[in-house]
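*Asks:* Residue numbers for the sequence shown follow the numbering used here, so the first one is 1 and each next one is one higher. Just passing along the structure, written as structure tokens.
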Amino acid sequence: VQAGRHPDADALAARHEGAAAHAYGPASEEALHWTEVRADLAMFAGDPVRSCRAWLTVAEARLGAG
């Protein structure tokens, strides 16, 4: 991220997110953690829309879980 390699950082986080979703389920804390990481990375990359969408995904999953 510090080097400005935002797409690389997001791709790495997306791989971890996918692996966690596959292993534990898409609404698991493990998968949602990586969604949160991707939301932060999007903000660092100057993409507030993508960041907000990721945060909304996390919120919907957590609200749905009760």
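No residue lacks a Cβ here, since even glycine has one placed at the ideal position from N, Cα and C. Just so it is clear, the structure is predicted and the values come from calculations on it, not from any experiment.
1) Grab me the residues of HIS16's own chain with a C-beta within less than 6 Å of its C-beta, minus the 5 sequence neighbours each way, in chain order.
2) Would DSSP call ALA3 helix, strand or coil?
3) So is ARG38 buried or exposed if we call it buried at 16+ other beta carbons inside 10 Å?
4) Report the rounded CA-to-CA distance for ARG53 versus ASP47, giving the unit in angstroms.
*Replies:* Well, looking at it:
1) On the sequence shown, residue 16 is found 16 positions in, with the first residue counted as 1. Here HIS16 has TRP34 as same chain residues with Cβ atoms under 6 Å from its own Cβ, once five neighbours each way along the sequence are excluded.
2) Counting from 1 along the sequence shown, the entry for residue 3 is found at position 3. Coil, per DSSP.
3) To locate residue 38, count along the sequence shown from 1; it is residue 38. Buried, by the Cβ-count rule.
4) Locating residue 53 in the sequence shown gives position 53, counting from the first residue. Locating residue 47 in the sequence shown gives position 47, counting from the first residue. Spanning the two alpha carbons is a distance of roughly 10 Å.
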